[in-house]
Amino acid sequence: MNSTVSQILIAVVITALLVGGGVWFSSQSSLNTANDKIEALSDNTASGGGMNIKLLPDQDTMEATVPMEEVFSFDRNHAICWVESNPIAFTMPTFGMGAVPIDQNGFFMSMVASSVDTYEISTNSDGSTQVEMTGTLGCNTEVFSSGTQFGDRAASEPATYRVLAVDNGIGGGRAGDTFAYTVFFDETTAPLNHAIFGPEFTFTGQMNAGEITVLDPNS
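Just so we're aligned, residue 13 is where the sequence shown starts under our numbering, counting upward by one.
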């Protein structure tokens, strides 16, 4: 074999190696990209939003007949619970102030998560799926009682929280979906909300609008 033929064969082999290596690296890069996308999608397999309704005491009879609407929304990156107002006056049993009469359109509260520190999805024994989230939030509360204002909707107090959302299938509350926002108030850093709700309070109710979707990637 002369030197020219040898050089040609060497060039062919080197080219084949380069091409093959390029194909391998390209395939590996595509696989890594696909895995990254799958991981990003599976990291947000729970979301939902809707409205819970709870019944609070009437000012005259003290029977729990006054509806309070709580709007909520959540996914991997946020958790919100919001009460815009109360069209009907009611009495609020508080932790540190006794039974407080709340004026008509005299109650506002918003809880907005500032962090989602843990996010765990699981399947329950009955086949429902759930997500549990914990983190920190800011709680803005404004209350008017007999014309006297407590708190301010523009003033936020910090707290920690635990969200538990359960998916029982398509149909929202009719199917058995539930959303509970448990908040832990410290007396020093959240004096108003601690006085109203105490060190621990769960905001929930009958879900009458919306949908919760939780997909367990391990099932």
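Note that beta-carbon positions come from the ideal geometry of N, C-alpha and C, so glycine has one too. Treat the numbers as computed from the prediction; the structure is a model and nothing was measured.
- For Phe197, no beta strand (DSSP E) segment is defined, and its DSSP state is neither H nor E.
- Per DSSP, the beta bridge partners of Ala192 are Leu176.
- The Cβ-Cβ distance between Thr141 and Thr130 does not fall below 7 Å.
- In the DSSP assignment, Ala207 falls within the alpha helix (DSSP H) that extends over Pro203 to Phe209.
- Per DSSP, the continuous beta strand (DSSP E) segment holding Thr146 begins and ends at Thr141 to Ser157.
- Contact between Ala58 and Ala177 is confirmed by a C-beta separation of about 7 Å, below the 8 Å threshold.
- Going by beta carbons, Val226 and Asp189 fall outside the 7 Å limit.
- Within the same chain, and ignoring the five residues on either side of Pro79 in sequence, the residues whose Cβ sits closer than 7 Å to its Cβ are Ile65 and Leu67.
- Spanning the alpha carbons of Glu212 and Pro170 requires a straight line of approximately 13 Å.
- Contact check for Thr148 and Thr172: beta-carbon distance about 6 Å, within the 8 Å limit, so the pair qualifies.
- The beta carbon of Phe209 lies closer than 8 Å to those of Thr106, Phe107, Val195 and Phe197 in the same chain, with the five residues before and after it left out.
- In summary, Asn56 is exposed, with fewer than 16 beta-carbon neighbours lying within 10 Å of its beta-carbon over all protein chains present.
- Annotated three-state conformation of Arg165 is strand, per DSSP.
- By the Cβ-count criterion, Asn205 is buried, with 16 or more other Cβ atoms from all chains shown falling within 10 Å of its own Cβ.
- With at least 16 other beta carbons inside 10 angstroms of its own, Met104 counts as buried.
- In the DSSP assignment, Glu223 falls within the beta strand (DSSP E) that extends over Gln218 to Val226.
- Around the beta-carbon of Glu75, fewer than 16 other beta-carbon atoms lie within 10 Å, marking it exposed.
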